[in-house]
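Everything on this sheet refers to the single structure shown next.
Numbering (my numbering), first residue to last: 108 to 462.
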């Protein structure tokens with residue numbers, strides 16, 4: 108007979124399946140059918156898509172966080188995980204609920220990720236772009252200005268937060284693309300089959316994809332910046348915009364959910380363009396996992412807990428800090444360590460703790 112944990116896990120997986128299915132259906136309708144649909148039908152689809160992206164998503168984040176804590180607290184410490192989930196709930200309430208209500212714009216989620224992850228804010232500044240022409244009649248000049256101010260504030264918060272708290276700030280506290288799902292639905296992955304250990308060959312392939320996606324993101328970012336600067340570029344910028352949408356739907360949204368279903372929750376994080384940039388910025392923050400607080404007993408719990416396939420165990424045996432660019436600062440290794448030998452820190456956090 109299923110126990111309480113089994114029931115919670117089944118419910119968590121059900122919520123994730125509903126989230127994925129709704130995304131496939133609504134994204135397909137919103138991006139593929141709305142333009143040819145009758146006006147009333149198109150408006151209804153768009154409204155429900157935004158309702159899903161904001162209210163349903165936030166409700167799922169809160170519900171899944173509660174279930175995940177109930178599942179994980181039975182077998183391990185959850186100090187870092189609790190902080191992650193608390194951060195994602197606050198971020199969702201701010202980006203998906205409070206800000207849209209205050210600014211009267213339910214598409215602010217387009218502006219919640221800095222460059223080079225999306226060029227949507229840059230496209231909004233190009234008067235002839237399809238994004239501008241479709242939003243200006245709805246938002247007006249004041250609405251566009253408000254959206255850009257929101258984007259600037261979010262970008263500043265993420266940059267400053269990363270310099271102070273490392274990559275953990277974005278990737279494990281406020282990211283509302285893949286970061287949130289990898290944490291709030293963590294026990295549910297993969298939806299099909301058993302949990303798989305990420306092999307070195309798989310990691311190498313994902314690293315190749317990482318640099319390919321990063322190069323593509325830099326190209327798109329550079330293109331729109333040059334266009335805004337008045338430099339002669341490819342004239343058909345609406346084609347560039349369409350290519351970006353196809354890239355987002357295929358290599359990002361669909362691939363992200365494919366990883367959820369058959370692989371791991373953090374699959375997309377391996378090659379996220381923003382994560383690549385923040386990995387370098389985290390070096391400036393002094394981000395590291397300290398591995399010599401007590402003593403490593405070589406149990407391998409840290410390696411098993413790490414969703415980014417980082418070899419913490421070999422570092423811990425030597426008492427050396429872990430400074431991998433792949434580290435998203437989730438702290439799963441810290442919670443998993445049986446001897447409380449590990450700790451996540453940055454230069455700023457170290458100064459705070461020394462006071």
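Using N, Cα and C, we set each Cβ at its ideal position, and we do this for glycine too.
Kindly list the residues whose CB is nearer than 7 Å to the CB of residue 207, restricted to its own chain and excluding five residues on each side of it in sequence; keep chain order. In the chain shown, counting from the first residue as 1, residue 207 sits at position 100. These residues qualify, in order along the chain: 161, 213 and 215.
Among 237, 421, 432 and 376, which has the Cα closest to the Cα of residue 345? The residue labelled residue 345 in the question sits at position 238 within the chain shown. The shortest C-alpha separation from residue 345 is found at 237.
How about residue 265 and residue 276: do their beta carbons lie closer than 8 Å? Start at 1 with the first residue of the chain shown, and residue 265 comes out as number 158. Start at 1 with the first residue of the chain shown, and residue 276 comes out as number 169. Cβ distance < 8 Å, so residue 265 and residue 276 count as in contact.
Could you check whether residue 258 and residue 320 sit closer than 8 Å to each other, using their CB atoms as the reference points? The count along the chain shown starts at 1 and reaches residue 320 at position 213. The count along the chain shown starts at 1 and reaches residue 258 at position 151. It is not a contact, given that the beta carbons lie outside the stated cut-off.
Using DSSP with H/G/I as helix, E/B as strand and the rest coil, what is residue 451? Reading the chain shown from its first residue, position 344 is the one you call residue 451. In this structure, residue 451 counts as strand in the three-state DSSP scheme.
Collapsed DSSP secondary structure at residue 267 in the structure displayed: Mapped onto the chain shown, residue 267 falls at position 160. Note: residue 267 maps to helix in three-state DSSP.
Going by beta-carbon coordinates alone, are residue 295 and residue 120 separated by less than 8 Å? Here residue 295 is taken as the residue at index 188 of the chain shown, counted from 1. Here residue 120 is taken as the residue at index 13 of the chain shown, counted from 1. Result yes, Cβ atoms of residue 295 and residue 120 sit closer than 8 Å.
Determine which residues share a DSSP beta bridge with residue 429 and list them. Your numbering for residue 429 matches position 322 in the chain shown. According to DSSP, which records beta bridges pairwise, residue 429 is partnered with 396.
Cβ shell of residue 190 (< 8 Å), same chain only, five flanking positions each side left out: Translated into positions along the chain shown, residue 190 becomes position 83. If we look at residue 190 and ignore the five residues flanking it on each side, its Cβ neighbours are 280 and 438.
Thinking C-alpha only, which one of 229, 112 and 263 is nearest residue 385? Position 278 of the chain shown, counting from 1, holds the residue named residue 385. Closest by alpha carbon: 263.
Give me the Cα-Cα distance between residue 179 and residue 186, rounded to the nearest whole angstrom. Along the chain shown, read from residue 1 onward, the residue named residue 179 stands at position 72. Along the chain shown, read from residue 1 onward, the residue named residue 186 stands at position 79. Rounded to the nearest angstrom, the two C-alpha atoms are 11 Å apart.
What's the C-alpha gap between residue 248 and residue 234? As a first step, residue 248 must be located in the chain shown, where it is residue number 141. As a first step, residue 234 must be located in the chain shown, where it is residue number 127. For residue 248 and residue 234, the distance between alpha carbons rounds to 11 Å.
Could you check which residue in 367, 147 and 415 has the C-alpha nearest to that of residue 311? As a working note, residue 311 is residue 204 in the chain shown. Taking only the C-alpha atoms, the option nearest residue 311 is 415.
Alpha carbon to alpha carbon, what distance is there between residue 146 and residue 136? Taking the first residue of the chain shown as 1, we reach residue 136 at position 29. Taking the first residue of the chain shown as 1, we reach residue 146 at position 39. Spanning the two alpha carbons is a distance of roughly 13 Å.
C-beta atoms of residue 273 and residue 389 nearer than 8 Å: Working through the chain shown from its first residue, we reach residue 273 at position 166. Working through the chain shown from its first residue, we reach residue 389 at position 282. Result yes, Cβ atoms of residue 273 and residue 389 sit closer than 8 Å.
Just list the alpha helix (DSSP H) runs in the stretch 251-328, keeping only unbroken ones of 4 residues or longer that don't cross its boundaries, in chain order. As far as the stretch 251-328 is concerned, its whole alpha helix (DSSP H) runs of at least 4 residues are 286-291.
Residue 360 and residue 134 look like a contact to me (Cβ under 8 Å); what is the Cβ gap, rounded to whole Å? Numbered from 1 along the chain shown, position 253 holds the residue referred to as residue 360. Numbered from 1 along the chain shown, position 27 holds the residue referred to as residue 134. At roughly 7 Å, the Cβ-Cβ gap stays under 8 Å, so residue 360 and residue 134 are in contact.
Is it the case that the Cβ atoms of residue 289 and residue 372 are separated by a distance below 8 Å? Along the chain shown, read from residue 1 onward, the residue named residue 289 stands at position 182. Along the chain shown, read from residue 1 onward, the residue named residue 372 stands at position 265. Contact: yes.
Identify whether residue 370 lies in helix, strand or coil by the three-state DSSP scheme. Reading the chain shown from its first residue, position 263 is the one you call residue 370. In this structure, residue 370 counts as coil in the three-state DSSP scheme.
By how many angstroms is the C-alpha of residue 382 removed from the C-alpha of residue 184? The count along the chain shown starts at 1 and reaches residue 184 at position 77. The count along the chain shown starts at 1 and reaches residue 382 at position 275. If I take the Cα positions, the gap works out to 27 Å.
Under 8 Å between C-beta atoms of residue 200 and residue 165: Start at 1 with the first residue of the chain shown, and residue 200 comes out as number 93. Start at 1 with the first residue of the chain shown, and residue 165 comes out as number 58. Yes.
Hey, residue 427 and residue 398: beta-carbon distance below 8 Å or not? Reading the chain shown from its first residue, position 320 is the one you call residue 427. Reading the chain shown from its first residue, position 291 is the one you call residue 398. In contact: residue 427 and residue 398 (Cβ atoms closer than 8 Å).
Going straight from the alpha carbon of residue 250 to that of residue 224, what length do you get? The count along the chain shown starts at 1 and reaches residue 250 at position 143. The count along the chain shown starts at 1 and reaches residue 224 at position 117. So the alpha carbons of these two residues sit roughly 22 Å apart.
Within a Cβ cutoff of 6 Å, which residues of the same chain sit near residue 177, ignoring the five residues on either side of it in sequence? Position 70 of the chain shown holds residue 177. Excluding residues within five positions, the ones whose Cβ falls inside 6 Å are 115.
Using 8 Å as the threshold, is the C-beta distance between residue 412 and residue 445 below it? Against the chain shown, residue 412 aligns to sequence position 305. Against the chain shown, residue 445 aligns to sequence position 338. No.
Cα-Cα separation between residue 343 and residue 217, rounded to whole angstroms: Along the chain shown, one-based indexing puts residue 343 at 236. Along the chain shown, one-based indexing puts residue 217 at 110. So the alpha carbons of these two residues sit roughly 22 Å apart.
Please state whether DSSP places residue 335 in a helix, a strand or coil. Stepping through the chain shown from its first residue, residue 335 is reached at position 228. Helix, per DSSP.
Fully enclosed by the stretch 117-163, which alpha helix (DSSP H) runs are 4 residues long or longer? 146-158
If we ignore side chains and look at the alpha-carbon of each, how far apart do residue 168 and residue 221 end up? Within the chain shown, the letter at position 61 stands for residue 168. Within the chain shown, the letter at position 114 stands for residue 221. Taking the straight line joining both Cα atoms gives about 22 Å.
Helix or strand or just coil, what does DSSP make of residue 236? Residue mapping note: residue 236 aligns to position 129 of the chain shown, counting from 1. In the structure shown, residue 236 sits in coil (DSSP, three-state: anything other than H, G, I, E or B).
Going along the chain, which residues of its own chain have a beta-carbon closer than 6 Å to the beta-carbon of residue 326, five neighbours each way excluded? One-based indexing of the chain shown puts residue 326 at position 219. The beta carbon of residue 326 sits closer than 6 Å to none of the beta carbons in its chain outside the five residues before and after it.
Integer Cβ distance of residue 230 from residue 331, believed to fall under 8 Å: In the chain shown, counting from the first residue as 1, residue 230 sits at position 123. In the chain shown, counting from the first residue as 1, residue 331 sits at position 224. Contact flag correct, Cβ pair sits at about 6 Å.
Is it true that the CB of residue 395 sits closer than 8 Å to the CB of residue 430? Residue 430 sits at position 323 when you count from the first residue of the chain shown. Residue 395 sits at position 288 when you count from the first residue of the chain shown. Yes, these two residues count as a Cβ contact at 8 Å.
Excluding the five sequence neighbours on either side, which residues of its own chain have a C-beta within less than 7 Å of the C-beta of residue 228, listed in chain order? Taking the first residue of the chain shown as position 1, residue 228 is located at position 121. Closer than 7 Å at Cβ, skipping near neighbours: 218, 255 and 258.
Might you give, ordered along the chain, the residues of its own chain that have their beta carbon closer than 6 Å to the beta carbon of residue 149, omitting 5 neighbours on each side? Position 42 of the chain shown, counting from 1, holds the residue named residue 149. Excluding positions up to five away in sequence, the list reads 141.
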